[in-house]
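The listed protein sequences derive, respectively, from chains A and B.
So the first sequence is numbered by the working numbering: it starts at 1 and just counts up by one.
So the second sequence is numbered by the working numbering: it starts at 1 and just counts up by one.
Beta carbons are placed, not taken as given, at the ideal position from N, Cα and C, and that holds for glycine.
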Amino acid sequence: IPEGVLVTHLPGLNGAFPSKHYSGYVEIESDKYLFYYFVVSERKPKNDPVVLWLNGGPGCSSFDGFVNEHGPFNFETGKPHGSLPTLHLNPYSWSKVSNIIYLDSPVGVGFSYSKDQTKYVIGDRQTAIDTYTFLVMWFELYPEFVNNPFYIAGESYAGVYIPTLATNIIQRINDGVEPEINFKGYMVGNGLTVPDIAFNTDVQVLFLHGMGLISDNLFEDIQVTCMMGNDTDKCNYYLSKVAKNRILVTHVPNPADCQPSHFSLIIDGMNKFNILEPCYHPPKPKADMKENGNWTSMPSLVRNQTVVPNDFAGLWTNSE
Amino acid sequence: GVDDCLNDEVATTWLNNELVRQAIHAEPVDMIGPWVIISENILHNYQKDAGSMIPYHTKLTTAGYRALIFSGDHDMVVPFTGTQRWIKSLGYEIVDEWRQWTVNEQVAGILQEYDHELTFLTIKGAGHRVPNSKPKEALHFYTRWLDREP
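As structure tokens, this is what we get:
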């Protein structure tokens with residue numbers, strides 16, 4: 001273990017760490033620093049897998065995973081508001097059974113940085129190369145973990161980060177180079193795979209209907225409209241956010257002539273990340289919507305419209 | 001930027017405290033700026049240049065690497081309907097048909113296993129960030145998959 005990376009205390013935590021924690025930077029090339037936080041397994045560190053965790057975005061810090069998902073601590077909101085939270089041990093931390101690296105990637109995300117801002121213009125391929133470089137250098141810093149089974153895990157846009165990184169890892173093996181990483185497999189949660197399928201086609205509408213968020217009548221109407229568009233294999237649906245907490249589904253029968261739409265659907269007050277949960281921040285009042293122009297511009301687009309407000313927010317009676 | 005539906009306040013408060021940054025060996029705010037949950041600079045300039053991931057999944061799984069694809073079934077951002085569709089498009093043989101999986105005798109979701117050690121698993125009632133909304137169930141499937149338990 002290199003010097004100066006052991007985490008000895010954390011503000012907000014009263015009590016002992018459940019296992020060793022290490023964190024710091026790896027300079028993957030000149031003036032390009034990636035930040036990691038490494039949590040050693042609470043079970044059998046020498047045998048348990050090493051898992052690299054990546055949040056998505058692109059641009060999301062993996063500290064979201066550490067703080068809000070499966071890190072070693074639960075964070076109790078600070079009181080008064082804005083003060084430091086109190087940390088408690090998380091009984092469902094993934095470090096219960098694995099050694100886990102939270103990596104801020106690509107450079108420019110979270111604590112990772114470069115003094116040269118041009119290095120923040122980056123894409124999938126360079127991210128995969130950089131993360132691979134990080135891993136090789138990381139295992140040189142932590143050689144006692146090099147023989148552990150290694151997995152990559154993440155969610156959302158990490159559905160792109162993970163397969164591209166994994167392919168870079170196995171490419172070395174295919175090239176006949178002695179494997180530097182004992183790679184075994186990967187996990188992807190709610191991951192992006194094919195943008196056309198994930199965002200632009202009828203799977204979203206199937207989901208909305210299956211979850212009871214749109215009526216049978218509207219669903220059937222959409223199907224008919226789709227057929228009328230002469231595009232039976234692939235319906236061109238678009239989901240876009242026209243304002244915070246407001247989602248617009250538009251069907252474009254012929255994208256070439258830029259003539260939306262047979263269809264628009266507005267879902268107000270919806271938490272699209274978890275459809276039955278409220279949004280953390282409350283929806284803005286309609287008056288604000290009108291001021292920014294989004295709401296007033298809507299009717300010209302809309303022929304059929306259904307509004308499904310969340311009842312908990314008291315919007316049902318105020319809806320139009 | 002940060003979606004209104006997400007809670008980033010606790011993380012933002014904690015990770016921008018200088019004592020916390022010192023403790024975790026992160027550079028100070030005046031050197032690299034404040035920590036934000038999503039970097040808009042990256043988000044808006046990022047080049048999505050890798051194309052579809054389906055050829056990557058095919059290459060990896062046919063080369064013998066294990067894959068667990070999981071979906072919180074209440075997520076509308078990347079809904080399980082799309083994930084189910086692309087997995088089906090791989091054309092792999094099903095070796096374990098749709099069945100429920102349970103935690104403490106409660107149904108926690110459904111799963112289907114395919115040839116080439118590919119598993120598709122849903123988590124009932126979970127959102128986009130599965131371990132955030134269903135932490136117990138998430139640790140359960142994570143552990144069993146890593147340990148090669150059924």
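DSSP, read as helix, strand or coil, puts B/S71 in strand. For A/D64, the closest Cβ of chain B is nearer than 8 Å. DSSP, read as helix, strand or coil, puts A/W94 in helix.
Of all residues in the segment 161-183 of chain A, only P163, T164, A166, T167, I170 and F183 place a beta-carbon less than 8 Å from a beta-carbon of chain B. The distance from the Cβ of B/D4 to that of A/N190 is about 19 Å, inconsistent with a contact at the 8 Å cut-off. Closest by C-alpha distance to A/G185, out of A/L52, A/P278 and A/S23, is A/L52. Contact between B/G127 and A/N274 holds, with the beta-carbon distance rounding to 3 Å and staying under 8 Å. For A/K32, the uninterrupted beta strand (DSSP E) run begins and ends at K32 to V39, by DSSP. Rounded to the nearest angstrom, the Cβ distance from A/L192 to A/S156 is 7 Å, consistent with a contact under 8 Å.
For B/D96 and B/T143, the gap between their C-alpha atoms comes out near 19 Å. Under the 8 Å criterion on CB atoms, A/I275 is classed as interfacial with respect to chain B. Under DSSP, B/W86 forms no beta bridge with any residue. Linking A/K272 to B/N7 through their CA atoms gives a straight-line distance of about 14 Å. Secondary structure of A/H21 (DSSP, three-state): strand.
B/I42 and A/G108 do touch by the CB rule: their CB atoms are close to 5 Å apart, below 8 Å. Taking the Cβ atoms as the reference, A/G71 lies roughly 12 Å from A/N55, outside the contact range of under 8 Å. Interface criterion met: the Cβ of B/E27 is under 8 Å from a Cβ in chain A. Residues of chain A with a Cβ closer than 7 Å to the Cβ of B/D75 are, in chain order, N190, F273 and N274. In terms of Cα proximity to A/F150, the closest of A/F17, A/M270 and A/I169 is A/I169. Just measuring C-alpha positions, the residue of B/T61, B/E137 and B/T12 sitting nearest B/D115 is B/T61. A/P179 is not a Cβ neighbour of B/L146, given a cutoff of 8 Å.
A/V205 counts as buried, since no fewer than 16 other beta carbons sit within 10 angstroms of its beta carbon.
Exclusion of the five residues before and after A/F111 leaves F35 and D104 as the residues of its chain whose Cβ lies within less than 7 Å of its Cβ. Sequence-distant Cβ neighbours of B/Q100 in its own chain, meaning closer than 6 Å and more than five residues away, are V107 and I110.
In this structure, A/K20 is the residue among A/Y25, A/S62, A/K20 and A/I28 with its C-alpha nearest to the C-alpha of A/R43. Against A/P11, the close residues of chain B are N17, L19, V20 and A23, in the order they occur along the chain (beta-carbon pairs closer than 7 Å).
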